[in-house]
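Input: a single structure, listed below in structure tokens.
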């Protein structure tokens, strides 16, 4: 009996506890649903961005093909799939390029000591540009003991995965089945020169004047060693240097007449070395210790022109150089003749330290994109500097004169310059719910320590950004009364800031109040109003409560009178909605 009474008491206590807890849990769940519901109400048509395909950070739009994007255009993959094979469509004579598949790839490796393989995609523009150069190189190398081949990576996905193909084109050079990435320029001459160095001695003897004249006529850049012997330590050092420098042909001679033709004093103490270029600075004499490292440094410092004309062909020699500090002149073609010589004179002072570059701003294919990247508009002349190690840009003020360029370059190399960041003009008014941020007002708005700031970095041509816009605007409308919160956006194509780094568009960053010295948080959440709201509630430094109210867009008339709006608002519970 006692046991039964104990059981009865325990049961009653348990029931009372559950009856107290369960309604609370139920009420909270119901309240959550109720609170979220008003944020999910639509004005017209609501877009659930999280439900859109390809919206992960890795799949965000990267760069536009055109200034404007057709609203109804397909994805890049869909567009690319409709293109025909460039190797066929452009009727390139590629009979000497071997077509490889899963079925014959192993035999190709087994039967050839040397080989080059290009993994391509038919829709890839870079692959289309490479195709005629690659085919011409294959023909020129025919009979040299090396074959050039290609693999359609969109069809041979197993091969592409095996060889870690992540971009197009991917080009490998194979020696006895072992592959390494091809590092040089993507044109016929560069491919042929690079391959011949890999499979041959890397250095060539010049014994007759006829040979010397042929070389000087046909080659744009050559290095000639005037040696005591064509075999031995001197020749070995020159050959070893040649293997390090893919884009320069190296020759050697013992013939005084050949040396004279190459502008070397026949009576000079050997070994001697000269670098000849078809440039404003035609002759460069080496005066250092005749060893591989010193020779390599000399050729690397002097092989580029005093001023390199930027183009698709010259870009690899710039960006693959060990010299990462660049000095750039931006000007239209019609005024370039006046300013390039000025830059050339200044460039002589910084050989081996800076690469000096001329960018033709009225060249739509190569010059205009570079000018946009550096925030350069107009005809020029304009001088910019660029550090490849940290991707920082610097702007020169004043006229383009020898003295100004010299002083600017010295300060640039000494690290005395303040980086330059692109910026649109600061908006005259900024009263919208979503604040417009530009480079020049970034510190004022985003880095305000008293505000929690959500920032969208967008691109005008980005389809995902356009899809996100109504959701983002609606979020800002709901939060317009929270003074500690700022909802902002910045055009990432025309504005920059060291705190606003984006690998794609849109990029969502959160800057908590009181923590602006730290890097911003990346907003990894769904892209609906509710998702953003929950993120802000969780991560905002300054707590806030959102009260349900009638959502009235700014500057739009409403049929509801002010008194009714106030009456409806006051009838809503003042408790926090979430």
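In my numbering, the protein residues as written are 132 to 709.
Ideal placement from N, C-alpha and C gives every residue a C-beta, glycine not left out.
As the structure is a prediction and not an experimental result, all values here were calculated from the model.
- Here the alpha carbons of residue 528 and residue 474 stand approximately 15 Å from one another.
- Between residue 616 and residue 552, the alpha-carbon positions lie close to 26 Å from each other.
- Linking residue 390 to residue 357 through their CA atoms gives a straight-line distance of about 6 Å.
- Setting aside the 5 residues that flank it on each side, residue 478 is surrounded in the same chain by 437, 438, 458, 485 and 487, each with a C-beta closer than 8 Å to its C-beta; the list follows chain order.
- Distance from the Cα of residue 404 is smallest, within the candidate group 422, 321 and 665, for 422.
- By the CB criterion at 9 Å, residue 547 and residue 461 fall outside the cutoff.
- Apart from sequence neighbours up to five positions away, the residues of its chain that approach residue 627 with a beta-carbon distance below 7 Å are 552, 553 and 570, ordered along the chain.
- Boundaries around residue 567 are those of the beta strand (DSSP E), 566-568, since no alpha helix (DSSP H) includes it.
- Annotation: residue 510 to residue 470 spans about 12 Å, alpha carbon to alpha carbon.
- Annotation for residue 491: the continuous beta strand (DSSP E) segment containing it runs 486-491.
- Contact holds between the segment 379-386 and the segment 332-341, because three or more Cβ pairs, one in each stretch, are under 8 Å apart.
- Check the Cα spacing between residue 299 and each of 317, 468, 307 and 267: the tightest is with 317.
- Unbroken alpha helix (DSSP H) runs of no fewer than 4 residues, entirely contained in the segment 354-396, are found at 364-375 and 387-392, following chain order.
- For residue 498, the enclosing alpha helix (DSSP H) begins and ends at 498-504.
- Beta bridge pairing from DSSP links residue 460 with 489 and 514.
- By the CB criterion at 9 Å, residue 641 and residue 586 fall inside the cutoff.
- Taking 9 Å as the cut-off, the Cβ atoms of residue 513 and residue 491 do not count as close.
- If one requires a minimum length of 3 residues, the beta strand (DSSP E) runs lying completely within the segment 418-475 are 456-462, in chain order.
- Relative to residue 276, the option among 501, 659 and 307 whose CA is nearest is 307.
- Here residue 432 has 482 and 483 as same chain residues with Cβ atoms under 7 Å from its own Cβ, once five neighbours each way along the sequence are excluded.
- In this chain, the beta strand (DSSP E) harbouring residue 281 covers 277-283.
- Beyond the five residues adjoining it in sequence on each side, residue 412 comes within less than 6 Å, by CB distance, of 437 in the same chain, given in chain order.
- The beta carbon of residue 557 sits closer than 8 Å to those of 569, 571 and 572, all from its chain and outside the five residues before and after it, given in chain order.
- About 15 Å separates the Cβ atoms of residue 253 and residue 232, ruling out a contact at the 8 Å cut-off.
- When only Cα atoms are considered, residue 224 and residue 534 end up about 52 Å apart.
- Bounds of any alpha helix (DSSP H) do not take in residue 411, whose DSSP letter is neither H nor E.
- According to DSSP, residue pairing for residue 245 in a beta bridge involves 277 and 306.
- Listed as beta-bridge partners of residue 544 by DSSP are no residues whatsoever.
- Sequence-distant partners of residue 611 (beyond 5 residues in either direction) whose C-beta falls short of 7 Å from its own C-beta, in its chain, are 564.
- Each of 576, 644 and 614 was checked against the Cα of residue 621, and the nearest Cα belongs to 576.
- For residue 270, the three-state secondary structure derived from DSSP is helix.
- Collapsing the DSSP output to three states places residue 664 in a helix.
- According to DSSP, residue pairing for residue 639 in a beta bridge involves 587.
- Counting the other Cβ atoms within 10 Å of the Cβ of residue 638 gives 16 or more, which makes it buried.
- According to the DSSP assignment, residue 327 belongs to the alpha helix (DSSP H) that extends over 319-330.
- It is roughly 8 Å from the alpha-carbon of residue 591 to the alpha-carbon of residue 597.
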